[in-house]
Amino acid sequence: KNEVEQSPQNLTAQEGEFITINCSYSVGISALHWLQQHPGGGIVSLFMLSSGKKKHGRLIATINIQEKHSSLHITASHPRDSAVYICAVKGGNQFYFGTGTSLTVIP
Amino acid sequence: DVKVTQSSRYLVKRTGEKVFLECVQDMDHENMFWYRQDPGLGLRLIYFSYDVKMKEKGDIPEGYSVSREKKERFSLILESASTNQTSMYLCASSLPGGDPSGNTIYFGEGSWLTVV
């Protein structure tokens, strides 16, 4: 069972490109997270959304509750954006995670 | 800032050894979680605890046990380590689900366990 599906699984981009990562979920949620994980393991939350759109610097996250879909956009991508991006949803007392998108941005 | 601290970042253990992974959080969170992360599989829930001495099995509890004797500490125990338990283990904490603040989850830095 995959409550959260992410695509693509791997993504390579040239520096400066616009990047989109997609997330679909099948459970009722109270919130959706976009998480970032750099090599070495630590995970940080980039965004928490329950509706609409949020922007932080070059990162934009959107969510469509009716369609159960969210996107993470990175504008003007940079090599330091290279990381694994994970979509996670909160349903009840539990968190459900996508398998992650491994992003590599080439200079 | 919320801090979730995992005591060991890198461990190498022999097959059959008993392994303890410790996690401490400093924000008085009721909920604590242990996940393992493997390539292509994402984060899979091993156990979670919603209060002291309370625990529930996650998706992959086999071969693991947990202990929560104090609110701030959640321990993962591998009674007899096996090579298929080589993985990255992540601890996390949050407030209860009914609290909007409980929508936020905080992770530790992860523990890389190799069983040889």
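As given, the protein sequences belong to chains W and X, one line each in that order.
Counted from 1, the first sequence has number 18 at position 18 by my numbering; the numbering is strictly sequential.
Counted from 1, the second sequence has number 1095 at position 95 by my numbering; the numbering is strictly sequential.
For glycine and all other residues, C-beta sits at the position ideal for the given N, C-alpha and C.
Since the model is a prediction, treat every value here as computed from it, not as a measurement.
Comparing alpha-carbon positions, which option in the options lies nearest residue i?
i: X:Lys-1003; options: X:Thr-1015, X:Asn-1084, X:Met-1032 and X:Leu-1045; result: X:Met-1032
i: W:Met-48; options: W:Pro-39, W:Asn-2 and W:Ile-29; result: W:Ile-29
i: W:Val-89; options: W:His-69, W:Phe-18, W:Ser-82 and W:Pro-39; result: W:His-69
i: X:Gly-1063; options: X:Gln-1025, X:Gly-1016 and X:Leu-1011; result: X:Gly-1016
i: X:Ser-1065; options: X:Met-1027, X:Thr-1083 and X:Glu-1022; result: X:Glu-1022
i: X:Asp-1026; options: X:Leu-1011, X:Ser-1094 and X:Leu-1043; result: X:Ser-1094
i: X:Pro-1061; options: X:Tyr-1050, X:Lys-1070, X:Ile-1046 and X:Ser-1067; result: X:Ile-1046
i: W:Ile-65; options: W:Ser-51, W:Leu-59 and W:Ala-13; result: W:Ser-51
i: W:Ser-144; options: W:Gln-6, W:Pro-39 and W:Gln-14; result: Since the first and last residues shown for chain W are 1 and 107, residue 144 of chain W lies out of range.
i: W:Arg-58; options: W:Pro-8, W:Thr-12, W:Leu-11 and W:Asp-81; result: W:Asp-81
i: X:Gly-1040; options: W:Lys-55, W:Gly-40, W:Asn-10 and W:Glu-17; result: W:Asn-10
i: X:Ser-995; options: W:Ile-60, W:Ala-83 and W:Gly-40; result: Any answer about residue 995 of chain X is impossible in this case: the structure gives chain X only from 1001 up to 1116.
Tell me the rounded alpha-carbon separation between residue i and residue j.
i: X:Glu-988; j: X:Lys-1055; result: Nothing about residue 988 of chain X can be reported from this structure: the residues present for chain X run from 1001 to 1116 only.
i: X:Leu-1076; j: W:Thr-75; result: 40 Å
i: X:Asp-1059; j: W:Ile-106; result: 37 Å
i: W:Cys-87; j: X:Arg-1073; result: 27 Å
i: X:Thr-1005; j: X:Lys-1013; result: 21 Å
i: W:Ile-19; j: X:Leu-1011; result: 36 Å
i: W:Pro-79; j: X:Val-1052; result: 43 Å
i: W:Leu-32; j: X:Ser-1008; result: 29 Å
i: W:Asn-147; j: X:Asn-1103; result: This structure leaves residue 147 of chain W out entirely; chain W is present only between 1 and 107.
i: X:Tyr-1106; j: W:Ser-26; result: 23 Å
i: X:Lys-1018; j: X:Val-1115; result: 11 Å
i: W:Ile-63; j: W:Ile-21; result: 12 Å
i: W:Leu-46; j: W:His-38; result: 12 Å
i: W:Ile-73; j: W:Gly-42; result: Residue identity differs from the one stated: residue 73 of chain W is His in this sequence, not Ile. Taking the straight line from one Cα to the other gives about 21 Å.
i: X:Ser-1067; j: X:Phe-1020; result: 10 Å
i: W:Gly-56; j: W:Gly-16; result: Reading off the sequence shown, one finds His at residue 56 of chain W, where the question assumed Gly. Approximately 17 Å between the Cα atoms of the pair.
i: W:Thr-12; j: X:Ser-1049; result: 38 Å
For my contact list, residue i and residue j are in at a C-beta cut-off of 8 Å; report their separation, rounded to the angstrom.
i: W:Val-4; j: W:Cys-23; result: 6 Å
i: W:Trp-34; j: W:Tyr-85; result: 6 Å
i: X:Gln-1085; j: X:Leu-1043; result: Contact doesn't hold; Cβ gap of about 16 Å is too wide.
i: X:Lys-1071; j: X:Asp-1028; result: 7 Å
i: W:Gly-98; j: W:Gln-36; result: 13 Å between Cβ atoms; not a contact.
The region 1036-1048 of chain X / the region 1085-1093 of chain X touching (three or more Cβ pairs under 8 Å): Enough Cβ pairs lie closer than 8 Å, so yes.
Stretch-stretch touch, CB-based, cutoff 8 Å, three pairs: the region 95-107 of chain W with the region 1071-1085 of chain X: With the cut-off at 8 Å, the region 95-107 of chain W and the region 1071-1085 of chain X do not touch.
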